[in-house]
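Count along the sequence shown starting at 1, add 3, and that's the number in this note's numbering. The block underneath contains the structure these notes are about, expressed in structure tokens.
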Amino acid sequence: MVKIRTSNLNLHFGDNHVLRDVNMEIQEKKVTAIIGPSGCGKSTLLRTFNRMNDFVDKLKISGTIMVGDKDIYQDKMDLSRLRAKVGMVFQKPNPFPKTIFKNVAFGLEVQGKHSKCEVFSIVEESLRAAWLWDEVKDRLHSPAMALSGGQQQRLCIARALANCPEVLLLDEPTSALDPQSTAKIEELCLALKDRVSILIVTHNIAQAGRISDYTAFMYLGELVEFGETEKVFTVPKDKRTEAYLTGVFG
Ligand SMILES: Nc1ncnc2c1ncn2[C@@H]1O[C@H](COP(=O)(O)OP(=O)(O)O)[C@@H](O)[C@H]1O
Ligand SMILES: [Mg+2]
4 MVKIRTSNLN
14 LHFGDNHVLR
24 DVNMEIQEKK
34 VTAIIGPSGC
44 GKSTLLRTFN
54 RMNDFVDKLK
64 ISGTIMVGDK
74 DIYQDKMDLS
84 RLRAKVGMVF
94 QKPNPFPKTI
104 FKNVAFGLEV
114 QGKHSKCEVF
124 SIVEESLRAA
134 WLWDEVKDRL
144 HSPAMALSGG
154 QQQRLCIARA
164 LANCPEVLLL
174 DEPTSALDPQ
184 STAKIEELCL
194 ALKDRVSILI
204 VTHNIAQAGR
214 ISDYTAFMYL
224 GELVEFGETE
234 KVFTVPKDKR
244 TEAYLTGVFG
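Put into structure tokens, the structure is as follows:
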């Protein structure tokens, strides 16, 4: 099943033509990696899926993006609902300066439609799903900022999961982490694809190879190649993909 479909997606920041005719189908409940040299438009593409570029000055965007059966660029789109449905985790862990509990409960408390008891059980379930519960269950009310970088990143994942997302966008989520915390997040991605479709931008080719079902290779704003990771890695169709994978540029 296709979860996200882009058709003739073009995006400009002023004169800079950042995404060029991107046509892409992202499969439901799979891990899709987006790779490519720095500046090729990976983050920008990822951010179109929950309209995080909307704030950028001189943004011009054309084409369509469907998430499920919804055209997310239609005028009536409710952006806070979209961002709950399409959650995002960034390179640098960004917990709120609040307690561990409040970080995860935040979105639920904003909605204001859950009882205290429901909030607690969703917080617990989300922390368990993000593999953080056992490490924090005895200090739920201490500051999130006191956690290690890897724990903070899993907390950000738990915060996203509390909103029952259908898609999780991860933009280089491990590039600020040590190898052990990185391995944990990679395994977590594999475990989470039962419940959510995952898109991960990474500059780490080996990481894309380890965890993704599909790989998208971008170059200068173009989606050069897209396919099953195994095929893209072993028999790339495009010379530029091959060059990137073998480290000729990057
Ligand atoms: N907020 C922004 N305002 C203007 N230009 C931007 C902004 N963010 C990114 N760009 C430009 O868009 C292009 C793609 O950037 P980006 O998507 O961040 O690349 P990548 O994630 O692949 O390194 C670059 O030329 C970058 O300078
Ligand atoms: Mg980026």
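All residues carry an ideal CB built from backbone N, CA and C; glycine is no exception.
Three-state secondary structure (DSSP) of residue i
i: VAL21; result: strand
i: PHE229; result: strand
i: ASP174; result: strand
i: TYR34; result: One detail in the question is off: residue 34 reads as Val in this sequence, not Tyr. Strand.
i: VAL113; result: helix
i: GLU169; result: coil
i: ASN106; result: helix
i: MET80; result: coil
i: VAL235; result: helix
Start and end residues, alpha helix (DSSP H) containing residue i
i: SER184; result: 182 to 195
i: THR51; result: 45 to 51
i: ILE208; result: 208 to 214
i: ILE125; result: 119 to 132
i: VAL89; result: It is not in any alpha helix (DSSP H) - VAL89 instead sits in the beta strand (DSSP E) that spans 89 to 92.
i: ASP137; result: 136 to 139
For residue i, the nearest candidate out of the options (CA to CA)
i: LYS45; options: ASP174, SER200, MET27 and ILE75; result: ASP174
i: GLU31; options: TYR217, VAL227 and LYS234; result: TYR217
i: LEU4; options: ASP78, GLU112 and VAL199; result: Residue 4 is actually Met in this sequence, not Leu. Checking every option, the nearest Cα to that of MET4 belongs to VAL199.
i: ILE68; options: ASN106, ASN56 and THR9; result: THR9
i: VAL227; options: ILE214, LEU248 and ASP72; result: LEU248
i: LYS61; options: GLY42, ASP72, ASP18 and THR102; result: ASP18
i: GLU254; options: LEU111, ILE201 and LYS240; result: It is not possible to answer for residue 254, since the shown part of the chain is limited to 4 through 253.
DSSP bridge partner residues for residue i (one or two, in chain order)
i: SER10; result: THR67
i: PRO40; result: None, per the DSSP bridge assignment.
i: LEU62; result: PHE16
i: ILE160; result: Bridge partners of ILE160: none, in fact.
i: TYR247; result: Paired residue(s): none; TYR247 is not in a bridge.
i: PRO146; result: THR102
Rounded C-alpha distance that separates residue i from residue j
i: ILE259; j: LEU195; result: As shown, the chain starts at 4 and ends at 253. That puts residue 259 outside it, with no answer to give.
i: PRO168; j: LEU49; result: 15 Å
i: ILE188; j: GLN94; result: 12 Å
i: PHE123; j: PRO100; result: 19 Å
i: ASN11; j: GLU28; result: 12 Å
i: ILE125; j: LEU150; result: 21 Å
i: LEU158; j: ALA133; result: 7 Å
i: LEU22; j: ASP141; result: 46 Å
Range covered by the beta strand (DSSP E) that runs through residue i
i: PHE220; result: 217 to 222
i: ILE201; result: 200 to 204
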